[in-house]
Amino acid sequence: MNTKLILNIALHLLQARLKQTIVAAVGVTFSIAMFIALVSFMNGLNDLLDGLMLNRTPHVLLYNEIKPSKIQPIFLAEDFKSKTNFVHSIKPKDIGKSIYDSQTIISVLKKDERIIDVAPKVTLPVFFNSGTIEISGIINGIDVLPEEKLFNISDYIIQGKIADLLQNNSIIIGKGLADKMLLTLGDIIKITTSKGNLASLKIVGISEIGIAEIDNTMSYTSLVTAQKILGEPTNYITDIQLKLFDITSAPAIAKEFKDKFNVDTIDYQSANSQFETGSSVRSIISYAVGFVLLIVAGFGIYNILNMMIYEKMDSIAILKATGFSGNDVKWIFISLSIIIGLVGGIFGLIFGYAFSALIDNIPFNTTSLPTITTYPINYNPMFYFIGITFALFTTIIAGLFPALKASKVDPVAIIRGK
Amino acid sequence: MEKSAILQTVGLSKYFYDPVKFKVLNEIDLSIKHGEFVSIIGKSGCGKSTLLYLLSTMDTDYEGQILIDDELMTGKTDRELAIIRNEKIGFVFQFHYLLAEYSVLKNVMLPGMKLGKYSNAELEHRAMEHLKTLDMGDQALKMTNQLSGGQKQRVAIARALINDPVLIMGDEPTGNLDKKNSDLVFDIFKKLTQVENQTLLVVTHDTDFAERTQRIITMEDGKIIS
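Those sequence lines, one after another, are chains A and B.
If you're matching positions, the first sequence starts at 1 in the UniProt record's numbering and goes up one per residue.
If you're matching positions, the second sequence starts at 1 in the UniProt record's numbering and goes up one per residue.
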């Protein structure tokens, strides 16, 4: 088949109907641009919201849950093995919040190649004292360096530096708490632990995560300080937080460590299932809107090609009379729609990128998201690939029906009709 | 060399079905020899144009056989027939059917580009030669809508000639032209048969035109009567 000649004819037909062609291509451009802007924005937003919650959540958390022993003494007694035993009023056993042999577990985990890093933590419920008022809260004793590496907590520190936590008896408190107790940087805060231990800590920073519930109660101190307040030794760890290279393997790894280290584990997916649902619903909506826009553009192309065929009946007839087969004519019109789709699509990608960049620069200041200054955009090349593929797909389909019609034009009917 | 038949039909019949079944062409046996200048005349509705379109291979709905250049056309596919039309038949219609998107030169070249036998440069040269012999050389780069009716028809003739067809068919080629231009077209045709030994088959109702051709086929009610 003479591809070059067919393309040449298609291009000449386009030139003759330049305005209509441009309108058709603009339809494609507009829909692709909107599709890309929409999907990029939606995904940016998804990432932002996921990050808000999920980035601060470990992929796998190792801890001790308070629960009754699974095996009660009676089950071990030989005499009652074959009997059915009822035990009433079981109370949970206090095996302590501390993870047994935490230092060994941490060193094993640090060597595991699937794990990005390990951040041990001590959580202690406390009362913050302000005069006669006691405000309940939680202090997280953290290992500053891994914690920063895994959860980027410095993003949420609005005053002071995370590194100052390395000083003895220092604390970073939530903004809600600071506002409530009228505390600022450098002030001393008094705390009481649940066991009655008293301590005074110096405020070296104020954090704001954007979730009031957390900002009102959460504060950070170093692992050592937390252990000292509790009067526990340095191997006292209540939580071991892990981040994995492959987040999808979290449930399997959580199960593996549960058996291996004899601790309780929870994975990212089980802890945050509602977030996943929200993200996928938002994605589906944005894809659906994008595809609808493209289908509308497809109808536009269909219309214009149909009109062009009626206008160019004479040309089709003479092409057929002088030796172009129905197939050649079909390809002329399919090439027409491919050209419209490709040109419109490429401009769509460019404008889509421009729109995304524009949205990316619109200021978006909200007190709940201190690290965000503009609207979020996800520039995933995949969206551009999907956009151009779908543009070509719709335009080819839209061009196919008029092209088949043109290929069936009977030249005798046209020529004799004159 | 004895003149062989370029175009032959054996028992060619055609029916129209709308509104009722009607036999337009009735068992036509026809033979046209190489180098002949033949005209088909007859009253309106006698089937002369229908016959021409069957012979052109564009209409394939018939009974009987058509042979062009000793090759059987009956039963060939759309694609095969398109190639034969491209290579062996030149058309001149009542209306010029030039493509408004192309220049005169490109219009002439188009069937040649489809055939792909010559390079573009060679094709351009050949197209220019044809246009020059038709006295249209200086119009070659104009767009077709800048030409007069007679000029357009001459371009259409040049287009018909570009692939050196064995047969040129005309459906009322002078039907839209005034006397002066008709004569011009006739002279071109005449010259083609005499100088180039080209075979021509022209349907016309212009008896003046027909009388000057070598052979006249008269049709009536779907039959050849002389």
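Glycine is no exception: its CB is placed at the ideal position from the N, C-alpha and C atoms.
**Study point:** Bounding residues of the alpha helix (DSSP H) (the contiguous stretch that carries P73(A))
**Key:** 73-76
Point to revise | contact_flag[the segment 151-165 of chain A, the segment 78-97 of chain A] where n(CB pairs < 8 Å) is 3 or more | key: no
Check your understanding: By the criterion of Cβ-Cβ separation under 8 Å, what are the contact partners of V292(A) in chain B?
Key -> Residues of chain B passing the Cβ test: none, with the nearest at roughly 35 Å.
Review point. Contact check, L177(A) vs T217(A) under 8 Å by CB: the rounded distance?
Key: 7 Å
Point to revise | Validate contact between the segment 218-225 of chain B and the segment 175-194 of chain B using beta carbons, cut 8 Å, 3 pairs | key: no
Practice item. Give the C-beta separation of N176(B) and F91(B) to the nearest angstrom, bearing in mind that I take them to be a contact with Cβ-Cβ under 8 Å. Key: Actually they do not touch by this definition, with Cβ atoms about 15 Å apart.
Review point. Does the distance from the CB of V118(A) to the CB of Q227(A) come in under 8 Å?
Key: no
**Study point:** Limits of the beta strand (DSSP E) - the one that E220(B) falls within
**Key:** 215-220
**Study point:** Burial state of residue 427(A) (16 or more Cβ within 10 Å)
**Key:** The question about residue 427(A) has no answer here: the residues shown for chain A are numbered 1 through 418.
Check your understanding: Is it right to say I188(A) is buried, meaning 16 or more other beta carbons lie within 10 angstroms of its own, or is it exposed?
Key -> exposed
Practice item. List the residues of chain A that S49(B) touches, going by C-beta distances under 7 Å, in chain order. Key: R416
Exercise for review: Check the Cβ of A100(B) against every Cβ in chain A and list those closer than 7 Å, keeping chain order.
Suggested key: A16
Review point. Using 8 Å as the limit for Cβ to Cβ distance, is N2(A) near chain B?
Key: yes
Practice item. Check the Cβ-Cβ distances between D246(A) and every residue of chain B, and say whether any is below 8 Å. Key: no
**Study point:** Coil, strand or helix - S194(A) by DSSP
**Key:** coil
Exercise for review: Give me the Cβ distance between S40(A) and F383(A), rounded to the nearest whole Å; I'm assuming they're in contact under 8 Å.
Suggested key: 6 Å
Point to revise | Length of the line joining the Cα atoms of S31(A) and G290(A) | key: 7 Å
Review point. Touch check for the segment 398-407 of chain A and the segment 329-341 of chain A: three-plus C-beta pairs under 8 Å?
Key: yes
Point to revise | Helix, strand or coil at L5(A) [DSSP, three-state] | key: helix
Practice item. Could you confirm whether any beta carbon from chain B is found closer than 8 Å to the beta carbon of A37(A)? Key: no
Practice item. Note down, in chain order, each residue of its chain lying with its Cβ closer than 7 Å to the Cβ of N365(A), except the 5 sequence neighbours on either side. Key: T373
Check your understanding: With 8 Å set as the bound, which would you pick, yes or no: does the beta-carbon of P411(A) sit closer than that to a beta-carbon of chain B?
Key -> yes
Point to revise | Interface residues of the segment 317-338 of chain A facing chain B [CB-CB below 9 Å] | key: A317, I318, L319, K320, A321, T322, G323, F324, S325, G326, N327, D328
Check your understanding: A5(B) and S39(B) look like a contact to me (Cβ under 8 Å); what is the Cβ gap, rounded to whole Å?
Key -> Their Cβ separation, rounded to whole angstroms, is 18 Å, which puts A5(B) and S39(B) out of contact at 8 Å.
Exercise for review: Sort out for me which residues DSSP pairs K33(B) with in a bridge.
Suggested key: A5(B)
Review point. In terms of alpha-carbon separation, which member of L145(A), S273(A), K149(A), G186(A) lies closest to G160(A)?
Key: G186(A)
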